[in-house]
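Residue numbers (the numbering used here): 11 to 434.
What follows is one structure encoded as structure tokens, with my remarks underneath.
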Ligand code: GDP
Ligand code: IMO
Ligand code: MG
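Right under this line is the structure:
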């Protein structure tokens with residue numbers, strides 16, 4: 011596992027945290043490359059549950075260095091609180107490395123995120139309201155403020171004042187909210203700067219050296235392929251690139267350094283927020299997936315929408331990410347169903363589709379064409395060997411493998427660290 015990307019193959023919450031924790035045992039570095047504290051990654055070890063939003067999921071292994079690279083957006087208070095939480099839990103966050111090029115989420119980004127959603131009304135995206143979109147907007151508009159700006163008070167103050175010049179016109183006039191004061195923001199952020207300083211590093215160089223030295227580097231995706239700003243169900247997406255290319259752009263590591271790309275897919279699908287979702291279920295099966303799967307957002311507590319696995323979407327994820335392996339999670343949840351459906355096509359007024367359609371409107375109008383596979387109807391949470399799975403569960407895994415064109419390397423059968431089966 012010299013340089014491996016682990017990313018979400020669906021709409022997020024596939025179980026990336028637990029998968030990264032599994033691989034982190036033999037990793038030297040675990041690197042977040044995009045997104046911010048919109049992510050909620052859960053790791054369960056014994057009775058203990060750890061939810062992380064910014065610190066990479068390798069933190070449970072003391073010899074593994076957690077890196078937050080340049081493609082992320084950082085709310086400094088959230089990062090520092092998370093480090094405090096980690097310390098209280100007996101972990102050591104002192105080794106966390108933070109890129110000086112990462113962009114800062116500022117208080118006006120959070121305010122704008124909430125105001126824009128309010129303004130969109132029924133067309134809202136259902137963001138996490140953490141300021142992610144507005145922070146990336148400023149980055150690309152080239153008036154973002156970066157971690158390194160925190161360490162020159164004069165420059166930092168000038169940048170905050172310049173940003174507020176713009177935001178204080180928009181906030182009251184467009185969104186009918188109060189303007190904000192530069193002084194309060196500068197004072198607050200300079201305090202964070204002091205605590206962040208020991209963590210700030212040239213993470214691109216750090217990772218280059220690590221790869222030169224044949225260290226094992228794990229790239230931890232947040233969100234998922236279908237939430238990608240370029241390849242997802244735009245505009246119902248996040249504002250970064252959770253796809254494999256994002257790991258390259260968001261770290262400064264070149265594409266040839268990457269050896270493997272592991273796509274994490276739930277054995278069914280969930281989605282939080284609005285946007286098209288062809289296999290979504292509105293019946294008691296969907297409700298059972300939510301209840302049995304504990305499908306409530308780690309970050310916002312929102313009920314996740316659930317539905318059957320969609321092979322068009324999974325093949326699409328395999329394609330845009332060059333997936334080399336799949337990690338199938340939450341197979342145990344499907345034990346509850348007599349038969350299991352899998353979408354193999356879409357039928358819509360625009361025609362029939364057997365590949366994920368490029369024209370987004372199809373996703374709203376289409377009826378999924380399902381194939382039905384027999385369920386296994388027995389508890390599999392204690393199974394640790396592939397051969398001990400019921401034959402119907404093995405047939406489901408083999409079906410996923412064949413239809414996606416990607417080998418399933420691992421299957422998880424419960425949230426706890428040990429509840430997984432290695433296939434290869
Ligand atoms: P992430 O954002 O991709 O890291 O996923 P989340 O942590 O937001 O959501 C996944 C949820 O499913 C968490 O509560 C995990 O503890 C849980 N989970 C992960 N794998 C399994 C599994 O195989 N079975 C069950 N029942 N739960 C799982
Ligand atoms: P993890 O890493 C699931 C969704 C939000 C919303 C859209 C845009 O835990 O898988 P944003 O706040 O990013 O501007 O919201 O993206 N979203 C997620 N959904 N898991 C996540 O992260 C998500 N991060 C953002 O619900 O629909
Ligand atoms: Mg999550």
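Every residue, glycine too, gets a C-beta built ideally from N, C-alpha and C.
Small disclaimer: the values here were computed from a predicted structure and weren't measured.
Check, Outcome
"For ligand 2, I want to know if residue 219 counts as a neighbour, meaning its beta carbon is within less than 7 Å of at least one of the ligand's heavy atoms.", "no"
"Kindly say whether residue 331, judged by its beta-carbon, lies nearer than 8 Å to any beta-carbon of chain C.", "No chain C appears in the structure shown, which is made up of a single protein chain."
"Only counting the same chain, and skipping five residues up and downstream in sequence, which positions put a Cβ closer than 6 Å to that of residue 334?", "270, 271"
"Could you tell me which residues DSSP puts in a beta bridge with residue 334?", "According to DSSP, which records beta bridges pairwise, residue 334 is partnered with nothing at all."
"Kindly indicate which three-state DSSP category residue 295 falls into: helix, strand or coil?", "helix"
"Once the 5 residues before and after residue 224 are set aside, which same chain residues still bring their CB inside 8 Å of it?", "12"
"Does the distance between the C-beta of residue 49 and the nearest non-hydrogen atom of ligand 3 fall short of 7 Å?", "yes"
"Residue 124: which of 410, 426, 181 sits nearest, CA to CA?", "181"
"Nearest-angstrom Cα distance between residue 313 and residue 293?", "15 Å"
"With respect to the beta strand (DSSP E) encompassing residue 270, which residues constitute its N-terminal and C-terminal limits?", "270-276"
"Below 8 Å between beta carbons: does that hold for residue 37 and residue 226?", "yes"
"Taking DSSP as the reference, what is the three-state secondary structure of residue 51?", "strand"
"Considering residue 143, what are the terminal residues of the alpha helix (DSSP H) in which it resides?", "142-151"
"Assign residue 120 to one of three DSSP states: helix, strand, or coil.", "helix"
"So, residue 228 versus residue 19, is the Cβ gap smaller than 8 Å?", "no"
"Quick one: is the Cβ of residue 176 within less than 7 Å of any heavy atom of ligand 3?", "no"
"Near residue 415, what residues of its chain come up, given a Cβ to Cβ distance below 7 Å and the 5 sequence neighbours on each side ignored?", "325, 328"
"Quick one: what's got a C-beta closer than 8 Å to residue 70's C-beta in the same chain, skipping five residues either side?", "31, 34, 53, 55, 60, 101"
"Can you tell me which residues form a DSSP beta bridge with residue 211?", "109"
"So, is residue 434 buried or exposed, given that buried needs 16 or more other C-beta atoms within 10 angstroms?", "exposed"
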